[in-house]
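The block underneath contains the structure these notes are about, expressed in structure tokens.
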Amino acid sequence: MTDDSADAGDNPLRAEARILSGAGTALPATAADARALVEEQIASHAPGLQCTEAGVRVMADVLLVTSELVTNAIRHGGGLTAFDLLTTGGELVLYVADASTRLPVTTYPAGRESHQIGGFGWPLVCHLAQHVAVTPLPDGKQITILISLTPQAP
Numbered sequence: 023m024t025d026d027s028a029d030a031g032d033n034p035l036r037a038e039a040r041i042l043s044g045a046g047t048a049l050p051a052t053a054a055d056a057r058a059l060v061e062e063q064i065a066s067h068a069p070g071l072q073c074t075e076a077g078v079r080v081m082a083d084v085l086l087v088t089s090e091l092v093t094n095a096i097r098h099g100g101g102l103t104a105f106d107l108l109t110t111g112g113e114l115v116l117y118v119a120d121a122s123t124r125l126p127v128t129t130y131p132a133g134r135e136s137h138q139i140g141g142f143g144w145p146l147v148c149h150l151a152q153h154v155a156v157t158p159l160p161d162g163k164q165i166t167i168l169i170s171l172t173p174q175a176p
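Residue numbers (our numbering): 23 to 176.
Spelled out as structure tokens, the structure:
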């Protein structure tokens with residue numbers, strides 16, 4: 023089943039989504055490379071983030087979302103075609119594009135076949151990010167996410 027709710031018209035990122043040409047941040051070869059770029063960006067723009075337990079959790083969420091998007095682009099999206107990120111106002115905006123026009127897929131537990139694996143990453147991304155936008159491109163798609171870097175009170 024395709025979950026296109028991330029492309030809802032009321033999504034504030036939809037109007038702001040940058041269409042990338044691959045000329046932004048260096049294109050990571052692996053999810054680990056992408057996580058390293060994200061860690062470097064956050065360390066320079068939110069240096070105290072990992073000084074608290076709540077900040078460590080925020081960083082773990084950011085790195086998990088990064089891993090999910092980049093891994094899926096490589097494994098299921100025909101390859102990573104663009105990657106960029108920026109931090110602004112205590113938020114991280116992450117742009118990941120791949121070569122597949124197929125929208126992300128959500129697998130619901132009730133409809134799973136016993137032999138089926140995967141399908142849980144997209145709901146996780148949508149849960150952890152404040153905003154998600156999927157922008158169809160002529161040669162693939164771009165996923166734009168916004169994650170707050172401000173730890174929430176417990």
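Every residue gets a Cβ at the ideal spot worked out from N, C-alpha and C, and that includes glycine.
* To do: State the beta-bridge partners of Y130 as determined by DSSP.
  => The residue labelled residue 130 in the question sits at position 108 within the sequence shown. Beta-bridge pairing links Y130 to no other residue.
* Asked: Which whole-angstrom value describes the C-beta separation of H98 and S122, a residue pair presumed to lie in contact below a C-beta threshold of 8 Å?
  -> Within the sequence shown, the letter at position 76 stands for residue 98. Within the sequence shown, the letter at position 100 stands for residue 122. The pair is a contact, with the Cβ atoms about 7 Å apart (cut-off 8 Å).
* Should D161 go down as buried or exposed, given a rule of 16 or more other Cβ atoms within 10 Å for buried? -> Start at 1 with the first residue of the sequence shown, and residue 161 comes out as number 139. Sixteen is the threshold: since fewer than 16 other Cβ atoms of the shown chains lie within 10 Å of the Cβ of D161, the residue is exposed.
* Residue(s) in a DSSP beta bridge with Q164 -> Position 142 of the sequence shown, counting from 1, holds the residue named residue 164. Partner(s): A119 and T157.
* Could you pull the start and end residues of the beta strand (DSSP E) that T103 belongs to? => Here the question's residue 103 lines up with position 81 in the sequence shown. That run of the beta strand (DSSP E) goes L102 to T110.
* Which partner residues does I169 have in the DSSP bridge list? -> In the sequence shown, counting from the first residue as 1, residue 169 sits at position 147. DSSP lists L114 as partners of I169.
* **Contacts around L74, its chain only, beta-carbon distance under 8 Å, and the 5 residues preceding and following it disregarded** => In the sequence shown, counting from the first residue as 1, residue 74 sits at position 52. According to the sequence displayed, residue 74 carries Thr and not Leu. Excluding residues up to 5 positions away in sequence, P173 lie with their Cβ nearer than 8 Å to the Cβ of T74 in the same chain.
* Neighbourhood of D83 by C-beta distance below 8 Å, restricted to the same chain and skipping five residues each side -> Numbered from its first residue, the sequence shown carries residue 83 at position 61. Closer than 8 Å at the Cβ level, and outside the excluded window around D83, lie L150 and I169.
* **Per-residue burial, G44 [other beta carbons within 10 Å of its own, 16 or more giving buried]** => Your numbering for residue 44 matches position 22 in the sequence shown. Bear in mind that a pLDDT of 48 at G44, under 50, signals an unreliable position, so the model cannot answer this.
* Just the C-alpha distance for W144 and L114, rounded to the nearest angstrom, thanks. => Working through the sequence shown from its first residue, we reach residue 144 at position 122. Working through the sequence shown from its first residue, we reach residue 114 at position 92. Each residue's Cα considered, the two are about 18 Å apart.
* Proximity to L71 [Cα-Cα], best of G100, Y117, A104 and T109 -> As a working note, residue 71 is residue 49 in the sequence shown. Comparing Cα-Cα distances from L71 to each of G100, Y117, A104 and T109, the minimum goes to T109.
* Asked: Helix, strand or coil for H98 per DSSP?
  -> As a working note, residue 98 is residue 76 in the sequence shown. The answer is coil: DSSP assigns H98 none of H, G, I, E or B.
* T103 vs A56 beta-carbon contact at 7 Å -> For the purposes of this step, residue 103 is identified with residue 81 of the sequence shown, where counting begins at 1. For the purposes of this step, residue 56 is identified with residue 34 of the sequence shown, where counting begins at 1. Contact flag unset, no.
* Please state if the CB of K163 and the CB of V154 are separated by a distance shorter than 7 Å. => Sequence index remark: in the sequence shown, residue 154 carries index 132 (1-based). Sequence index remark: in the sequence shown, residue 163 carries index 141 (1-based). No, the pair does not count as a contact, with Cβ atoms beyond the cut-off.
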